[in-house]
Amino acid sequence: MGKKPILRRCIACNNQKEKNELVRIVKPKDEELQVDSTGKKNGRGAYICKSEECLNKAIKSKRFEKTFEVEINEDFYESLKRYILG
1 MGKKPILRRC
11 IACNNQKEKN
21 ELVRIVKPKD
31 EELQVDSTGK
41 KNGRGAYICK
51 SEECLNKAIK
61 SKRFEKTFEV
71 EINEDFYESL
81 KRYILG
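So, in structure tokens, the structure goes:
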């Protein structure tokens, strides 16, 4: 019997997908938000689809601010957009 896939939910579209299909954003204690490419960093995490549509939806609805309860600067969004879009 094979391993069950690890599912996570996108904070923008609310769809469940396999963990490796999503981008993990993590908020370590006393640090800024960062992209967790390994999926193993300590801290509060949230997932988003690797699509511009979901990213724009999350930015517009302030999903990251609500999830992590922090103010987010434009630089983070720009670096996340570059990461997602390649």
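One point on numbering: in my numbering, the residue at position 21 of the sequence shown is 21, and numbering is uninterrupted. No residue lacks a Cβ here, since even glycine has one placed at the ideal position from N, Cα and C.
If you reduce the DSSP assignment to three classes, tell me which class residue i lands in.
{"i": "Leu33", "result": "coil"}
{"i": "Glu52", "result": "helix"}
{"i": "Glu18", "result": "strand"}
{"i": "Ala58", "result": "helix"}
{"i": "Ile25", "result": "strand"}
Quick one: Cα of residue i to Cα of residue j, how far?
{"i": "Leu55", "j": "Ile48", "result": "7 Å"}
{"i": "Phe68", "j": "Lys3", "result": "31 Å"}
{"i": "Leu7", "j": "Asn14", "result": "12 Å"}
{"i": "Glu31", "j": "Val70", "result": "11 Å"}
Which residues in the same chain as residue i place their Cβ atom closer than 7 Å to its Cβ, once the five residues preceding and following it in sequence are excluded?
{"i": "Tyr77", "result": "Ile59"}
{"i": "Pro28", "result": "Lys41, Asn42 and Gly43"}
Whose C-beta lies closer than 6 Å to the C-beta of residue i among residues of the same chain, with five residues either side of it excluded?
{"i": "Arg9", "result": "Gln16"}
{"i": "Gln45", "result": "Sequence inspection shows Gly at residue 45; the Gln mentioned does not correspond to that position. Once the five neighbours on either side are set aside, the close Cβ partners of Gly45 are Arg24 and Val26."}
Looking only at its chain, what residues have a beta carbon closer than 8 Å to the beta carbon of residue i, apart from the 5 residues adjacent to it on each side?
{"i": "Glu52", "result": "Lys81, Ile84 and Leu85"}
{"i": "Lys50", "result": "Glu21, Leu22, Val23 and Ile84"}
The segment 56 to 71 in contact with the segment 17 to 24 per 3-pair CB rule at 8 Å: The segment 56 to 71 is not in contact with the segment 17 to 24.
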